[in-house]
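Participant: Residue numbers (full-length UniProt numbering): 1 to 328.
Yeah, the Cβ is synthetic: ideal placement off N, Cα and C, and Gly gets one too.
Take a look at this one; I'll ask things after.
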């Protein structure tokens, strides 16, 4: 069993990752750390963890912890991923792993130095709906892929929320901009060539609250928007020369809609639909990580892939600054 420790009581951990760990095969929740020891004890009691730690350092020093989940603010991800790896722990880091692609290099070095497993927590990659989309595209069901369209938005203008704090790594692009990029790379196996973006920033926070983005791939284009101050919406559509594929709940399956994919390959009125009820992508992520640590041959989302994704986000910012397309 892989014994997990959690760095902080962050919301993403409390609401999604820890509940998934409690159900995941090959995983056990061993401890929770907080800089407020009383808070750590409270969370440990709530989730049934046997250990509570009053500091992150204490958790990393514990021989009872095999793997660490890092859901801290983005600006702290690299620091604590490196510290965890150097402590001999396997590490799952909440996305985005870093604010810039170049910042991931120390994490890769720490992984290689310690010989541990380190991965970015992209739960969507483990949802089986993407394997079905990939299968349909590879089989030529929609002909030649020409255009991918996506949207990911929610409304949050709370000044105290880290997504609205520039120094903590807030903003629409860092938080959710990489999702359409990851999904497109996942189902096509291709890399973007050039990127362009238009960005609107909040005058109070300085964070980007709306980004309209395009990425040119070989043979097709990805076009999407992400926003933190628009009504909640998530969608991905893959358009081909003979049909199109719709993904109802591409990123947070079950939150806004149930997971289902539709292949329209014989006219708009007809679709083959595959539904995915009861799938917990966070649980699948935890189980895949545990198998990788156990040496089962499980293929994880590597840090090198994280670099490729982050380069696209970097290119969006560079494009917005330059006012035109830039190489990825």
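For residue 28, which residues from the same chain have a beta carbon less than 6 Å from its beta carbon, with the 5 sequence-adjacent residues on both sides left out?
Facilitator: What you label residue 28 is simply residue 28 of the chain shown in a count that begins at 1. These residues qualify, in order along the chain: 1 and 3.
Participant: Which residue's Cα is closest to the Cα of residue 62: 137, 108 and 6?
Facilitator: Translated into the one-based positions of the chain shown, residue 62 becomes position 62. Nearest option by C-alpha distance: 6.
Participant: Return the first residue and the last residue of the beta strand (DSSP E) that residue 223 is part of.
Facilitator: As a first step, residue 223 is located in the chain shown; it is residue number 223 there, counting from the start. From DSSP, the beta strand (DSSP E) with residue 223 extends over 220–227.
Participant: Quick one: using the 10 Å Cβ neighbour count with 16 as the cut-off for buried, is residue 138 buried or exposed?
Facilitator: If you number the chain shown from 1, residue 138 lands on position 138. Classification of residue 138: exposed, given that the 10 Å Cβ count is below 16.
Participant: Compare the Cα-Cα distances from residue 122 to each of 302, 101, 318 and 189 and report the closest residue.
Facilitator: Stepping through the chain shown from its first residue, residue 122 is reached at position 122. Of the listed residues, the one whose Cα sits closest to residue 122 is 302.
Participant: Consult DSSP for residue 332 and reduce its assignment to one of helix, strand or coil.
Facilitator: Because the chain here runs from 1 to 328, residue 332 falls outside it and cannot be looked at.
Participant: Which residue wins for smallest C-alpha separation from residue 242, given the options 270, 284, 50 and 80?
Facilitator: Along the chain shown, read from residue 1 onward, the residue named residue 242 stands at position 242. The residue with the shortest Cα to Cα distance from residue 242 is 270.
Participant: Looking at C-alpha atoms only, which residue of 21, 14, 9 and 30 is the closest neighbour of residue 39?
Facilitator: Position 39 of the chain shown, counting from 1, holds the residue named residue 39. The option with the nearest alpha carbon to residue 39 is 9.
Participant: Could you check where the alpha helix (DSSP H) with residue 321 kicks off and where it finishes?
Facilitator: Residue mapping note: residue 321 aligns to position 321 of the chain shown, counting from 1. Looking at the DSSP string, the run of the alpha helix (DSSP H) that includes residue 321 is 303–322.
Participant: Give me the residue from 255, 185 and 253 with the minimum Cα distance to residue 309.
Facilitator: Looking up residue 309 in the chain shown gives position 309. Selected option, being the one with the closest Cα: 185.
Participant: Tell me the residue span of the beta strand (DSSP E) that contains residue 119.
Facilitator: Here residue 119 refers to the residue found at position 119 of the chain shown. It spans 118–121 - the beta strand (DSSP E) in which residue 119 sits, taken as one unbroken run.
Participant: What do you reckon, are the CB atoms on residue 78 and residue 98 nearer than 7 Å?
Facilitator: As a position in the chain shown, residue 78 is number 78, starting the count at 1. As a position in the chain shown, residue 98 is number 98, starting the count at 1. In contact: residue 78 and residue 98 (Cβ atoms closer than 7 Å).
Participant: Less than 7 Å between the C-beta atoms of residue 229 and residue 199, yes or no?
Facilitator: The sequence position of residue 229 within the chain shown is 229, counting from 1. The sequence position of residue 199 within the chain shown is 199, counting from 1. Going by C-beta atoms, residue 229 is not nearer than 7 Å to residue 199.
Participant: Taking all protein chains shown into account, do 16 or more other C-beta atoms lie within 10 angstroms of the C-beta of residue 127, making it buried, or fewer, making it exposed?
Facilitator: Within the chain shown, the letter at position 127 stands for residue 127. Buried, by the Cβ-count rule.
Participant: From residue 159 to residue 236, what distance separates their C-alpha atoms?
Facilitator: Counting from 1 along the chain shown, the entry for residue 159 is found at position 159. Counting from 1 along the chain shown, the entry for residue 236 is found at position 236. Looking at the two C-alpha atoms, the distance is approximately 30 Å.
Participant: Enumerate in chain order the residues of its own chain whose CB-to-CB distance from residue 212 is below 7 Å, with the five nearest sequence positions on each side excluded.
Facilitator: As a working note, residue 212 is residue 212 in the chain shown. Taken in chain order, the residues that qualify are 197, 198 and 225.
Participant: Measuring straight from C-alpha to C-alpha, what distance separates residue 14 and residue 143?
Facilitator: On the chain shown, residue 14 is found 14 positions in, with the first residue counted as 1. On the chain shown, residue 143 is found 143 positions in, with the first residue counted as 1. Rounded to the nearest angstrom, the two C-alpha atoms are 43 Å apart.
Participant: Sort 37, 105 and 240 by Cα distance to residue 188 and report the nearest one.
Facilitator: If you number the chain shown from 1, residue 188 lands on position 188. Considering only alpha carbons, the answer is 240.
Participant: Look at residue 30 and residue 45 and say whether their C-beta atoms are less than 7 Å apart.
Facilitator: What you label residue 30 is simply residue 30 of the chain shown in a count that begins at 1. What you label residue 45 is simply residue 45 of the chain shown in a count that begins at 1. No, Cβ-Cβ distance for residue 30 and residue 45 is not below 7 Å.
Participant: Going by DSSP, what residue range makes up the beta strand (DSSP E) through residue 264?
Facilitator: Translated into the one-based positions of the chain shown, residue 264 becomes position 264. Counting along the chain, the beta strand (DSSP E) containing residue 264 begins and ends at 260–264.
Participant: Excluding the 5 residues preceding and the 5 following residue 168 in the sequence, name in chain order all residues of the same chain whose CB lies nearer than 6 Å to its CB.
Facilitator: Residue numbering aside, residue 168 sits at position 168 when the chain shown is read from its first letter. If we look at residue 168 and ignore the five residues flanking it on each side, its Cβ neighbours are 73, 75 and 162.
Participant: For the UniProt domain "GFO/IDH/MocA-like oxidoreductase" (130–246), list the beta strand (DSSP E) runs that are entirely contained and at least 3 residues long, ordered along the chain.
Facilitator: DSSP runs (the beta strand (DSSP E)) wholly in the UniProt domain "GFO/IDH/MocA-like oxidoreductase" (130–246): 145–155, 194–201, 208–217, 220–227 and 229–240.
Participant: Residue ranges of each beta strand (DSSP E) run of no fewer than 3 residues wholly in the stretch 32–57, ordered along the chain?
Facilitator: Those beta strand (DSSP E) runs which fall completely within the stretch 32–57 and span 3+ residues are 51–53.
Participant: Ordered along the chain, which non-local residues of its own chain (more than five positions away) have a Cβ less than 6 Å from that of residue 292?
Facilitator: The residue given as residue 292 occupies position 292 in the chain shown. Hits under 6 Å: 117, 298 and 300.
Participant: Mark residue 219 as exposed unless 16 or more other C-beta atoms lie within 10 angstroms of its C-beta, in which case mark it buried.
Facilitator: Counting from one through the chain shown, the residue named residue 219 turns up at place 219. Exposed, by the Cβ-count rule.
Participant: Kindly indicate which residue of 223, 43 and 181 has the alpha-carbon position closest to the one of residue 146.
Facilitator: One-based indexing of the chain shown puts residue 146 at position 146. The candidate whose alpha carbon is nearest that of residue 146 is 223.
Participant: Beta carbon of residue 20, beta carbon of residue 283: below 7 Å?
Facilitator: Working through the chain shown from its first residue, we reach residue 20 at position 20. Working through the chain shown from its first residue, we reach residue 283 at position 283. The answer is yes: Cβ separation under 7 Å.
Participant: Would you mind reading off the limits of the beta strand (DSSP E) that contains residue 256?
Facilitator: Locating residue 256 in the chain shown gives position 256, where the first residue counts as 1. It is not in any beta strand (DSSP E) - residue 256 carries neither H nor E in the DSSP assignment.
Participant: Classify residue 207 as buried or exposed, calling it buried when 16 or more other Cβ atoms lie within 10 Å of its own Cβ.
Facilitator: As a first step, residue 207 is located in the chain shown; it is residue number 207 there, counting from the start. Burial call: buried.
Participant: Anyone know if the C-beta pair for residue 68 and residue 91 falls short of 7 Å?
Facilitator: By 1-based counting over the chain shown, the position of residue 68 is 68. By 1-based counting over the chain shown, the position of residue 91 is 91. Result yes, Cβ atoms of residue 68 and residue 91 sit closer than 7 Å.
Participant: Which residue from 325, 260 and 259 puts its Cα closest to that of residue 349?
Facilitator: Beyond the ends of the chain as shown, which are 1 and 328, falls residue 349; an answer cannot be given.
Participant: Taking the beta strand (DSSP E) that residue 93 belongs to, which residues open and close that run?
Facilitator: On the chain shown, position 93 is the one that residue 93 refers to. Residue 93 -> beta strand (DSSP E) spans 90–94.
Participant: Sorted by chain position, which residues of the same chain lie with C-beta nearer than 7 Å to residue 132's C-beta, five sequence neighbours on each side aside?
Facilitator: Here residue 132 refers to the residue found at position 132 of the chain shown. Excluding residues within five positions, the ones whose Cβ falls inside 7 Å are 261 and 274.
Participant: Give every residue of the same chain whose Cβ lies closer than 6 Å to the Cβ of residue 352, excluding the five residues on either side of it in the sequence, and list them in chain order.
Facilitator: Because residue 352 is not part of the residues shown, which for the chain are 1 to 328, the question remains open.
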